[in-house]
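Residue numbers (the working numbering): 2 to 202. Below is one structure, written out as structure tokens, with a few remarks after it.
Here it is in structure tokens:
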């Protein structure tokens, strides 16, 4: 499992948190059933790099001043414009106990007719932390209008239990919406403006 280094954070006031962020640290908290809630700080670049290589619903090891915890990200707060991590909450887990989490639902391919639409973007599951799938991927190549993908159609790994009804619709192929005359005119006007701009008029 991925290991992330962290330090105990002794100062938790607003000013000290802002100073931490200016110096490249991300303030955070680690907590769990058998661990006292602890304020920590993590190198922002290291945390961002670690989470870039795995989804946030996967477990990893958090090493706080030499003490190792198996954790999962419970919440990440990111800057609305820059996208950098502002705060991270980590939940200590037991790798031998099943947990309830959500797994992203992804699509590949293109339907022969219509547009494939995700009815749900995530699917709830229950399993051991080490068995959590990174995603469920469905190939919609060759699908037609009216085709659907149900929860029972997913390829679910051994040891993973879906917490949705087998007949729940996850993906639906719908007709392409016809463009209104107004939207067509607006597109034509926009194209004309773009052409004039590119011609230097």
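Where is the CB? At the ideal position from N, CA and C, for every residue including glycine. Since the model is a prediction, treat every value here as computed from it, not as a measurement.
Where the alpha helix (DSSP H) through residue i begins and ends
i	result
residue 46	45-53
Residue i burial status per 10 Å Cβ neighbour count (16 or more: buried)
i	result
residue 176	exposed
residue 71	buried
residue 10	buried
residue 83	exposed
residue 42	buried
residue 25	exposed
residue 92	buried
residue 60	buried
Beta-carbon contacts of residue i that lie in its chain and below 7 Å, excluding the five residues immediately before and after
i	result
residue 134	104, 158, 161
residue 123	103, 104, 105, 106
residue 140	109, 110
residue 128	99, 160, 161, 162
residue 121	106, 171
Same chain only: Cβ atoms within 6 Å of residue i, ignoring 5 sequence neighbours per side
i	result
residue 115	146, 174, 175, 176
residue 36	93
residue 73	60, 92, 94
Residue i (DSSP reduced to helix, strand or coil)
i	result
residue 190	helix
residue 24	coil
residue 33	strand
Any non-hydrogen atom of the ligand SAH closer than 8 Å to residue i Cβ
i	result
residue 78	Among the ligands in the structure shown, none appear at all, so the ligand SAH cannot be discussed.
Unbroken beta strand (DSSP E) run spanning residue i, endpoints
i	result
residue 175	170-175
residue 63	61-65
residue 5	4-9
Task: beta strand (DSSP E) segments (min. 3 residues) lying fully within the stretch 71-127 - done: Listed in chain order, the complete beta strand (DSSP E) runs (minimum 3 residues) inside the stretch 71-127 are 86-93, 100-109, 116-119.
TODO: Ignoring anything shorter than 3 residues or poking outside the stretch 135-170, list the beta strand (DSSP E) runs there in chain order.
DONE: Taken in chain order, the unbroken stretches of beta strand (DSSP E) that lie wholly in the stretch 135-170 and span 3 residues or more are 137-140, 149-151.
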